[in-house]
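K.L.:
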Amino acid sequence: MTTLLKINASLFANNGQSSQLADRYVAARVAVNPDIQVVTRDLAAEPVPHLDAARFTAFLTPAEERSAEQAAVVAFSDALIEELRQADEIIIGVPMYNFGIPSTLKAWIDHVARAGVTFRYTATGPEGLLKGKKAVILAARGGLYAGTPADTQTGYLQSVLGFIGITDVEFVYAEGLNMGEESKTKALDAAHQRVAELTA
Numbered sequence: 008m009t010t011l012l013k014i015n016a017s018l019f020a021n022n023g024q025s026s027q028l029a030d031r032y033v034a035a036r037v038a039v040n041p042d043i044q045v046v047t048r049d050l051a052a053e054p055v056p057h058l059d060a061a062r063f064t065a066f067l068t069p070a071e072e073r074s075a076e077q078a079a080v081v082a083f084s085d086a087l088i089e090e091l092r093q094a095d096e097i098i099i100g101v102p103m104y105n106f107g108i109p110s111t112l113k114a115w116i117d118h119v120a121r122a123g124v125t126f127r128y129t130a131t132g133p134e135g136l137l138k139g140k141k142a143v144i145l146a147a148r149g150g151l152y153a154g155t156p157a158d159t160q161t162g163y164l165q166s167v168l169g170f171i172g173i174t175d176v177e178f179v180y181a182e183g184l185n186m187g188e189e190s191k192t193k194a195l196d197a198a199h200q201r202v203a204e205l206t207a
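So the sequence shown is numbered by this note's numbering: it starts at 8 and just counts up by one.
1) Tell me the rounded alpha-carbon separation between L91 and N15.
2) List the residues that DSSP assigns as beta-bridge partners of A146.
3) Per DSSP, what are the beta-bridge partners of T47 in this structure?
4) Does the segment 133-146 come close enough to the segment 75-86 to have 3 or more Cβ pairs within less than 8 angstroms?
5) Hey, is the segment 171-182 in contact with the segment 140-152, meaning 3+ C-beta pairs nearer than 8 angstroms?
6) Leaving out five residues on either side along the sequence, give the residues of the same chain with a beta carbon under 6 angstroms from the beta carbon of Y152.
7) Write down the C-beta distance between P109 and F170 rounded to the nearest angstrom, noting that I regard them as a contact closer than 8 angstroms.
8) Check whether the Cβ of D85 sits closer than 7 angstroms to any heavy atom of the ligand ZN, and report yes or no.
9) Between the alpha carbons of D175 and F66, how many angstroms are there, rounded?
10) Just how far apart, CA to CA, sit T131 and N21?
11) Taking all protein chains shown into account, do 16 or more other C-beta atoms lie within 10 angstroms of the C-beta of E71, making it buried, or fewer, making it exposed?
12) Report all residues from its chain with a CB closer than 8 angstroms to the CB of G253; omit the five preceding and five following residues, and keep chain order.
13) Any idea which residues DSSP pairs D175 with across the strands?
14) S17 and G100 - do their beta-carbons sit closer together than 8 angstroms?
15) So V55 packs on A120, CB below 8 angstroms; how close in whole Å?
16) Return the chain-ordered list of same chain residues with a C-beta closer than 8 angstroms to the C-beta of L112, the five sequence neighbours on each side being excluded.
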């Protein structure tokens, strides 16, 4: 059975444009294959704690030496990683906030990118351990940024997903959403068309 992990990173939860695009993509995939299992993680409804020294230290502490609090931190991270490991495809709805990804998505990344668990260092460099998966990024933006130096999202997400082994990454952009109704309509129409192409 194919499993999709849908991650909504919008502060507006299901009401965000990026979340709606992700929902549209998943609905189209399920329409073609009703047996698909969908797991949703809404980072607005259930935010992942931001990484701090205590949490990072818990990851580094050997299992037999962890305090109960540290063990709980690692168990939480392990659960997020298991969701990712069980998924065949990861769908991320991501808005652009101040030229970057939402801090809630960064917090999620900081809990799933763990040395020795989702990647490892070798004599020839780092190796991602979550291979054979696909990721689709539904990116909603108020202005026009794709292909410019201001688009910090695309390169970062490609790099961090590739670092943990997910190299098949597709981007769907809806840009210019705050540049008037005509621009918004055109952008969403183009994004919907791209979603239809990817899920046909």
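All residues carry an ideal CB built from backbone N, CA and C; glycine is no exception.
P.N.:
Walking through what the data contain:
1) Within the sequence shown, the letter at position 84 stands for residue 91. Within the sequence shown, the letter at position 8 stands for residue 15. Going by the C-alpha atoms only, they are around 14 angstroms apart.
2) Position 139 of the sequence shown holds residue 146. DSSP, once it has assigned bridges, lists V101 and Y180 as partnering A146.
3) Here residue 47 refers to the residue found at position 40 when the sequence shown is read from its first residue. According to DSSP, T47 shares a beta bridge with K13.
4) Judged by pairs of C-beta atoms under 8 angstroms, the segment 133-146 does not touch the segment 75-86, as fewer than three such pairs exist.
5) Because the criterion of three Cβ pairs below 8 angstroms is met, the segment 171-182 and the segment 140-152 touch.
6) What you label residue 152 is simply residue 145 of the sequence shown in a count that begins at 1. Closer than 6 angstroms at Cβ, skipping near neighbours: D158.
7) Locating residue 109 in the sequence shown gives position 102, counting from the first residue. Locating residue 170 in the sequence shown gives position 163, counting from the first residue. Incorrect: roughly 19 angstroms between the Cβ atoms, too far for contact.
8) Of the ligands one can find in the structure shown there are none, so the ligand ZN has no counterpart to examine.
9) Indexing the sequence shown from 1 puts residue 175 at position 168. Indexing the sequence shown from 1 puts residue 66 at position 59. Answer to the nearest angstrom: the Cα atoms are 28 angstroms apart.
10) On the sequence shown, residue 131 is found 124 positions in, with the first residue counted as 1. On the sequence shown, residue 21 is found 14 positions in, with the first residue counted as 1. If you take the alpha carbons of T131 and N21, they lie about 42 angstroms apart.
11) Position 64 of the sequence shown, counting from 1, holds the residue named residue 71. For E71, the number of other beta carbons within 10 angstroms of its own is below 16, and it is reported as exposed.
12) Coverage of the chain is limited to positions 8 through 207, which leaves residue 253 absent and any answer about it impossible.
13) Along the sequence shown, one-based indexing puts residue 175 at 168. Residue pairing by DSSP puts D175 in a beta bridge opposite K141.
14) In the sequence shown, counting from the first residue as 1, residue 100 sits at position 93. In the sequence shown, counting from the first residue as 1, residue 17 sits at position 10. G100 places its beta carbon less than 8 angstroms from that of S17.
15) Within the sequence shown, numbered from 1, the residue matching residue 55 stands at position 48. Within the sequence shown, numbered from 1, the residue matching residue 120 stands at position 113. Not quite, the Cβ-Cβ distance comes to about 12 angstroms (not below 8 angstroms), so this is no contact.
16) Counting from one through the sequence shown, the residue named residue 112 turns up at place 105. The beta carbon of L112 sits closer than 8 angstroms to those of I14, A16, L50, I99 and V101, all from its chain and outside the five residues before and after it, given in chain order.
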